[in-house]
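>
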Amino acid sequence: MKVFICASEIVPFSKTGGLADVAGALPLVLEKHGIEVRLATPRYKIVTGHPAIDGAGRLQVTGLSSDIDVAKIGKNVQVYLIKNDKYFDRDGLYGDKAGDYADNLERFSFYCRRSLDLLKEINFKPDILHCHDWQTALIPVYLKTLYHKDNFYKDIKTLLTIHNLGFQGVFNKDEFPKLGLDWQLFNIDGLEFYHKINILKGGVIFSDLLNTVSPTYAGEIQTQESGCGLEGVLHKRKKGLSGILNGLDYELWDPEKDTYIYKPYSAGAFRDKYVNKKMLQEECRLSVQEDIPLFGMVSRLSEQKGLDLIGQSMEGLLGHCKLQIIVLGVGDAKYHELLQELAQKYPGNVSAQIKFDERLAHKIYAGADIFLMPSRFEPCGLGQMIALRYGTLPLVFKTGGLSDTVSQVNGFVFKEYTKEAFVRTVESAIAVYRSKRKWMELVKKAFTYNFSWEKSAGEYIRLYKKLA
Ligand code: ADP
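Sequential numbering from 0 applies to the sequence shown in numbering that gives the first Met the number 0.
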């Protein structure tokens, strides 16, 4: 079977969040199962550290044509990097401090069409074209419209995976001609959404099958509360919509082999986890104490991720509980300020690391005692799974993929999205931390969970087969 994956970010080439982790890890497992898989992604200015990249930060690639580079991941998975300096030679993937790039519709419609044309150029006719999120959601639309009459494309089936319904690619109606589609598609049963263009909606309607990244989220997005306006269209397609929990790359995230952390440790002998804690406290300029509960957070700093709860409750908690917290993230300016103010006010206890830093992220997963993920909604979430892999107990709100992965036997869960419930749960986590025996039992239990890709990849393969 042949599968072509299109994703707007892929580890190790680019990353802003979990989509990149998934798009980088799933193909490697598919390859092990004998599937011929290739990928296409924009070639941005930023490329992150990986064997595919040499010491000088250059990607080890060969040029296929003037605008396509090819790199390899896994044994022999080819990744086509689509160049276009006008669109992709920028510091951000989707935007900068001022917000989303104004030409995102053009940038990603170009990427979708270039990916489709590329298939013919390399004579790779996939059984399945697997798209991810709004940035690739035009592919199913184009396949069923502009490319439909071409024999090469007519049997290709599409699967669209929704990683976060909070991002839909909504644009002004006057940009519609740039898509190259017939105006007839701008209607309620097509790409129109309250007089605007909604790219993800197009993908939901035109793809052959749909899935999202956890079973709970697949149900939630069909409700008014969590459907972000698309609940009706999603509900209509419910027969073709499933939820597959994301997996984690257990090679990349492995406390025994992790070269980013201060000292590797294993589930069987995790005393060295506390060496990591001490060195993390030092690096982040917190007072170095083993017996204080250290909370870690690695996240986009947005309302979705529960930063409003942190804002409402952290001062109070710091006033009456002995705790430390390190937050690593970038996002909304108001949260940067909030965290920086807290760090200034509580220097030995709060560290605000306002940046994207893969290395420090690994160190936090390894060195923290408790991983904070109080997301208001969370399609799947990888942070809590990574934390468990490192014996760090997650504290989460019961929503989406967090409900599918964390419970009171491997972490701490609050069920009402209120400051009071959050504070109570933080306090009870600290109380458990104080009773060492119970704490150690939970940490040992955390190490026993397995969220590797094996199971989830099997579910994707079943979906591909069903489609093909
Ligand atoms: P989302 O995709 O919604 O941002 P996930 O939990 O699915 O959330 O995935 C987030 C991924 O991005 C994790 O691998 C996390 O470690 C990483 N990440 C988020 N913010 C940062 C940051 N500032 N520095 C390094 N890694 C980060």
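For every residue, glycine included, the Cβ atom is placed at its ideal position computed from N, Cα and C.
#1: Taking just the CA atoms, how far does Arg375 sit from Val422?
#2: So which of Cys320, Ser298, Glu357 and Gln323 has the shortest CA-CA distance to Tyr334?
#3: Quick check: what's the CA-CA separation for Asp126 versus His32?
#4: Name the two residues that bound the continuous alpha helix (DSSP H) containing Glu453.
#5: For Ser206, which three-state DSSP category applies?
#6: Do you know whose CA, among Val21, Thr135, Asn163 and Gly218, lies nearest Phe450's CA?
#7: For a test of the three-state rule: what should DSSP assign to Lys435, helix, strand or coil?
#8: Less than 7 Å separating the Cβ of Phe355 from some heavy atom of the ligand ADP?
#9: Could you name each continuous alpha helix (DSSP H) segment of 4 residues or more that falls completely within the segment 292-332, going from the start of the chain to the end?
#10: Can the beta-carbon of Ile9 be found closer than 8 Å to that of Leu38?
#11: Looking at the unbroken beta strand (DSSP E) that takes in Val274, where does it start and where does it end?
#12: Three-state secondary structure (DSSP) at Arg236?
#13: Any heavy atom of the ligand ADP closer than 7 Å to the beta-carbon of Ile9?
#14: Could you check whether the Cβ of Gly246 sits closer than 7 Å to any heavy atom belonging to the ligand ADP?
#15: Please return the same chain residues whose Cβ sits closer than 6 Å to the Cβ of Asp371, not counting the five positions on each side in sequence.
#16: Touching or not, the segment 344-358 and the segment 209-216, by the rule of three or more beta carbon pairs under 8 Å?
#17: Under a Cβ-count criterion, where at least 16 other Cβ atoms within 10 Å of its own Cβ denotes burial, should Leu18 be classed as buried or exposed?
#18: Buried or exposed: where does Tyr193 fall if 16 or more other Cβ atoms within 10 Å of its Cβ makes it buried?
#19: Tell me the DSSP bridge mates of Phe3?
#20: For His234 and Ile220, what's the separation of their Cα atoms in angstroms?
#21: Taking Lys354 as part of the alpha helix (DSSP H), name the residues at either end of that continuous run.
#22: Report the start-end ranges of each alpha helix (DSSP H) in the segment 101-128 that is 4 residues or longer and not cut off at the edges.
#23: Quick check on Val297 - is its C-beta less than 8 Å from some C-beta in chain B?
#24: In the DSSP output, which residue or residues are listed as bridge partners for Leu392?
#25: Would Ala87 and Asp132 be called neighbours here (beta carbons separated by less than 8 Å)?
#26: Which term fits Pro139, buried or exposed, when burial requires 16 or more other beta carbons within 10 angstroms of its beta carbon?
#27: Cβ of Asp20 versus every heavy atom of the ligand ADP: is any distance shorter than 7 Å?
#28: Using alpha carbons as the reference points, say which of Asn83, Asn75, Asp271 and Gly73 lies closest to Ile67.
#29: Assess contact between the segment 424-441 and the segment 404-412, defined as three or more Cβ pairs (one per stretch) separated by less than 8 Å. Is contact present?
#30: Keeping to the same chain, check which residues put their C-beta closer than 6 Å to that of Val100; ignore five residues upstream and five downstream.
#31: Can you look up Leu18 in the DSSP assignment and give me helix, strand or coil?
#32: Kindly indicate which three-state DSSP category Glu8 falls into: helix, strand or coil?
#33: Taking buried to mean at least 16 other C-beta atoms within 10 Å of its own C-beta, is Asp368 buried or exposed?
#34: Hey, is the segment 265-277 in contact with the segment 305-323, meaning 3+ C-beta pairs nearer than 8 Å?
#35: Out of Leu251, Leu279, Glu250 and Leu247, which one is the CA nearest neighbour of Leu262?
#36: Quick one: residues in its chain with C-beta nearer than 8 Å to the C-beta of Leu142, no 5 flanking neighbours on either side, listed in chain order?
Taking the geometry as given:
#1: Here residue 422 corresponds to residue number 423 of the sequence shown, with the count starting at 1. Here residue 375 corresponds to residue number 376 of the sequence shown, with the count starting at 1. Whole-angstrom Cα-Cα distance: 15 Å.
#2: Working through the sequence shown from its first residue, we reach residue 334 at position 335. Residue Ser298 is the option with its Cα nearest to Tyr334.
#3: Residue numbering aside, residue 126 sits at position 127 when the sequence shown is read from its first letter. Residue numbering aside, residue 32 sits at position 33 when the sequence shown is read from its first letter. Distance between the alpha carbons of Asp126 and His32 is about 16 Å.
#4: Along the sequence shown, read from residue 1 onward, the residue named residue 453 stands at position 454. Looking at the DSSP string, the run of the alpha helix (DSSP H) that includes Glu453 is Trp452 to Leu466.
#5: Sequence index remark: in the sequence shown, residue 206 carries index 207 (1-based). Three-state result, Ser206: coil.
#6: What you label residue 450 is simply residue 451 of the sequence shown in a count that begins at 1. Selected option, being the one with the closest Cα: Val21.
#7: Counting from 1 along the sequence shown, the entry for residue 435 is found at position 436. DSSP places Lys435 in helix when its eight states are reduced to three.
#8: Counted from its first residue, the sequence shown places residue 355 at position 356. Yes; taking the cut-off as 7 Å, the Cβ of Phe355 has a heavy atom of the ligand ADP nearer than that.
#9: 306-319
#10: Against the sequence shown, residue 9 aligns to sequence position 10. Against the sequence shown, residue 38 aligns to sequence position 39. Yes, Cβ-Cβ distance for Ile9 and Leu38 is below 8 Å.
#11: Stepping through the sequence shown from its first residue, residue 274 is reached at position 275. No beta strand (DSSP E) holds Val274; the alpha helix (DSSP H) holding it covers Lys272 to Glu282.
#12: For the purposes of this step, residue 236 is identified with residue 237 of the sequence shown, where counting begins at 1. Correct three-state label for Arg236: coil.
#13: Counting from 1 along the sequence shown, the entry for residue 9 is found at position 10. No - the ligand ADP has no heavy atom lying nearer than 7 Å to the Cβ of Ile9.
#14: In the sequence shown, residue 246 corresponds to position 247, counting from 1. It does not: the Cβ of Gly246 is nowhere closer than 7 Å to a heavy atom of the ligand ADP.
#15: Position 372 of the sequence shown, counted from the first residue, corresponds to residue 371. The sequence shown places Leu at residue 371, rather than the Asp named in the question. Around Leu371: Phe294, Met296 and Leu394.
#16: no
#17: To locate residue 18, count along the sequence shown from 1; it is residue 19. Result: buried.
#18: Stepping through the sequence shown from its first residue, residue 193 is reached at position 194. Tyr193 is exposed by the Cβ-count criterion.
#19: As a first step, residue 3 is located in the sequence shown; it is residue number 4 there, counting from the start. According to DSSP, Phe3 bridges with Arg37 and Leu128.
#20: Counted from its first residue, the sequence shown places residue 234 at position 235. Counted from its first residue, the sequence shown places residue 220 at position 221. Using only the alpha carbons, I get a separation of about 8 Å.
#21: Position 355 of the sequence shown, counting from 1, holds the residue named residue 354. Here Lys354 belongs to no alpha helix (DSSP H), and DSSP marks it neither H nor E.
#22: 103-120
#23: The structure shown contains no chain B, having only a single protein chain.
#24: Translated into the one-based positions of the sequence shown, residue 392 becomes position 393. For Leu392, which the question treats as bridged, DSSP gives the partners Ile369.
#25: Numbered from 1 along the sequence shown, position 88 holds the residue referred to as residue 87. Numbered from 1 along the sequence shown, position 133 holds the residue referred to as residue 132. Before going on, a small fix: residue 87 reads as Phe here, not Ala. No, these two residues do not count as a Cβ contact at 8 Å.
#26: For this step, residue 139 is matched to residue 140 along the sequence shown. Classification for Pro139: buried.
#27: On the sequence shown, position 21 is the one that residue 20 refers to. Correct: Asp20 has its Cβ closer than 7 Å to the ligand ADP.
#28: If you number the sequence shown from 1, residue 67 lands on position 68. Of Asn83, Asn75, Asp271 and Gly73, the residue nearest in Cα terms is Asn83.
#29: yes
#30: For the purposes of this step, residue 100 is taken as the residue at position 101 of the sequence shown. Note on identity: in this sequence residue 100 is Tyr, with Val being the wrong assignment. Cβ within range, chain order: Gly94.
#31: Working through the sequence shown from its first residue, we reach residue 18 at position 19. Three-state result, Leu18: helix.
#32: Here residue 8 refers to the residue found at position 9 of the sequence shown. Correct three-state label for Glu8: coil.
#33: Stepping through the sequence shown from its first residue, residue 368 is reached at position 369. That one is buried.
#34: no
#35: Stepping through the sequence shown from its first residue, residue 262 is reached at position 263. Note on identity: in this sequence residue 262 is Lys, with Leu being the wrong assignment. With distances taken between Cα atoms, Lys262 lies closest to Leu279.
#36: One-based indexing of the sequence shown puts residue 142 at position 143. Hits under 8 Å: Leu115, Leu128, Tyr152, Ile155, Thr157 and Phe205.
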